[in-house]
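Here the sequence shown stands for residues 981 to 1088, where the numbers follow our numbering.
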Amino acid sequence: MLLAILLFLVAGLAEIGGGYLIWLWLRESRPLWYGITGGLILIVYGIVPTLQKFPSFGRVYAAYGGVFIALAVLWGWWVDKKTPDLYDWLGAAICLIGVSIILWAPRH
């Protein structure tokens, strides 16, 4: 379970970080190497979820979506300095509850 959580966190940070570097390159006129580095990090993001032990691509990516939402709220707070409000936190918590159900609910 800890490895699964770690892989979701690494994938989320790679997707957000890579996308952020591309955003800076295209929207804030940063140097080309920002975009190239962001693209390479996004390739890492594409690989990391394949290391999950869950048998279904759809289940992994559905669960990852909830983790991504929570990480995006934290990224906005820590990197963009935009303090999340009650509804940001509530929405992220609901998503993480959904992730837990998707991944760890008992199935027959």
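Here a beta-carbon is modelled for each residue, glycine too, at the ideal position from N, C-alpha and C. The model shown is predicted, which means the values in this text are computed figures rather than measured ones.
Between the C-alpha atoms of residue i and residue j, what's the straight-line distance to the nearest angstrom?
{"i": "C1075", "j": "I1081", "result": "10 Å"}
{"i": "D1060", "j": "I1027", "result": "27 Å"}
{"i": "I1016", "j": "G997", "result": "12 Å"}
{"i": "I1077", "j": "F988", "result": "15 Å"}
{"i": "G1045", "j": "P1064", "result": "19 Å"}
{"i": "A1043", "j": "G992", "result": "11 Å"}
{"i": "G1018", "j": "K1062", "result": "22 Å"}
{"i": "W1057", "j": "Y1000", "result": "14 Å"}
{"i": "I1049", "j": "L986", "result": "16 Å"}
{"i": "W1069", "j": "V1053", "result": "8 Å"}
Could you tell me if residue i is buried or exposed, where buried requires 16 or more neighbouring beta carbons within 10 angstroms of its beta carbon?
{"i": "E995", "result": "buried"}
{"i": "I1023", "result": "exposed"}
{"i": "I1002", "result": "buried"}
{"i": "F1037", "result": "exposed"}
Query - Those runs of the alpha helix (DSSP H) which lie wholly inside the segment 1033–1088 and span at least 4 residues - result: 1037–1058, 1066–1084
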